[in-house]
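Everything on this sheet refers to the single structure shown next.
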Amino acid sequence: MSAETFTCGHCHYEFNSGVTTCQGCLGTVIWGATQHEMHQAGVFMAIVGAVIGALLMFGIPAAFNKYLGTALTLGYGFGFGALIPVGIMGMLGYFWGSNKAAKEHRGECRTFR
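Take the sequence shown: its letter number 83 is residue 83 in the UniProt record's numbering, and every next letter is one higher.
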């Protein structure tokens with residue numbers, strides 16, 4: 001039974017799975033996504049989710065009022081409570097984006113110096 005080996009991208013030193021430092025160049029071995037990559041993807045999707053939530057809560061009533069002649073209040077009459085669904089959409093976007101970044105890098109082995 002042979003152990004799975006990986007090759008360093010900088011010095012081409014071979015190492016087994018599970019190590020955290022390359023012995024050839026002393027580079028950091030990363031398994032999967034870094035915390036920064038997951039946070040960056042999460043923040044981007046949180047912004048996208050909040051914009052979508054704001055369009056649903058404020059844009060649709062404004063468009064209906066303008067083009068269909070209805071009398072909907074912005075935020076469907078919830079006042080500042082209309083910001084709660086916008087925040088929920090932002091949080092869902094953050095978790096979805098960070099999980100997506102983790103799935104994209106799952107099983108990868110990368111070396112950094």
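Think of the CB as a built atom: it goes at the ideal place given N, C-alpha and C, for glycine as much as any other residue.
Could you pull the start and end residues of the alpha helix (DSSP H) that residue i belongs to?
{"i": "Glu104", "result": "83-104"}
{"i": "Thr15", "result": "As written in the sequence, residue 15 is Phe, which differs from the Thr given in the question. Note, Phe15: premise wrong, no alpha helix (DSSP H); beta strand (DSSP E) at 14-16."}
When the distance is taken between beta carbons, is residue j closer than 8 Å to residue i?
{"i": "Arg106", "j": "Gly32", "result": "yes"}
{"i": "Gly49", "j": "Leu83", "result": "no"}
{"i": "Trp96", "j": "Met57", "result": "no"}
{"i": "Thr73", "j": "Pro61", "result": "yes"}
On the DSSP letters alone, give me the boundaries of the beta strand (DSSP E) that residue i sits inside.
{"i": "Glu37", "result": "No beta strand (DSSP E) holds Glu37; the alpha helix (DSSP H) holding it covers 35-54."}
{"i": "residue 162", "result": "A question about residue 162 goes unanswered here, because the residues of the chain that appear run from 1 up to 113."}
{"i": "Thr28", "result": "28-31"}
{"i": "Cys22", "result": "Here Cys22 belongs to no beta strand (DSSP E), and DSSP marks it neither H nor E."}
{"i": "Cys11", "result": "Counting along the chain, Cys11 falls outside any beta strand (DSSP E), and DSSP gives it neither H nor E."}
What do you get for residue i, buried or exposed, if any count of 16 or more other CB atoms within 10 angstroms of its CB means buried?
{"i": "Gly77", "result": "exposed"}
{"i": "Ala3", "result": "exposed"}
{"i": "Thr111", "result": "buried"}
{"i": "Ala41", "result": "buried"}
{"i": "Phe6", "result": "buried"}
{"i": "Gly81", "result": "exposed"}
{"i": "Gly59", "result": "exposed"}
Going straight from the alpha carbon of residue i to that of residue j, what length do you get?
{"i": "Arg113", "j": "Gly27", "result": "5 Å"}
{"i": "Ile88", "j": "Leu55", "result": "14 Å"}
{"i": "Lys103", "j": "Gln35", "result": "13 Å"}
{"i": "Glu108", "j": "Leu68", "result": "52 Å"}
{"i": "Met1", "j": "Asn16", "result": "For Met1, the predicted model reports a pLDDT of 49, less than 50, meaning its position is unreliable; a value from the coordinates is still stated below. Approximately 13 Å between the Cα atoms of the pair."}
{"i": "Gly79", "j": "Cys8", "result": "56 Å"}
{"i": "Gln23", "j": "Tyr13", "result": "8 Å"}
Is any heavy atom of the ligand NAP found at a distance shorter than 7 Å from the C-beta of residue i?
{"i": "Ile47", "result": "With respect to small molecules bound, the structure shown includes none, and the ligand NAP cannot be examined in it."}
I'd like to confirm the pairing. Which residues does DSSP put opposite residue i in its beta bridges?
{"i": "Arg113", "result": "Partner(s): none; Arg113 has no beta bridge."}
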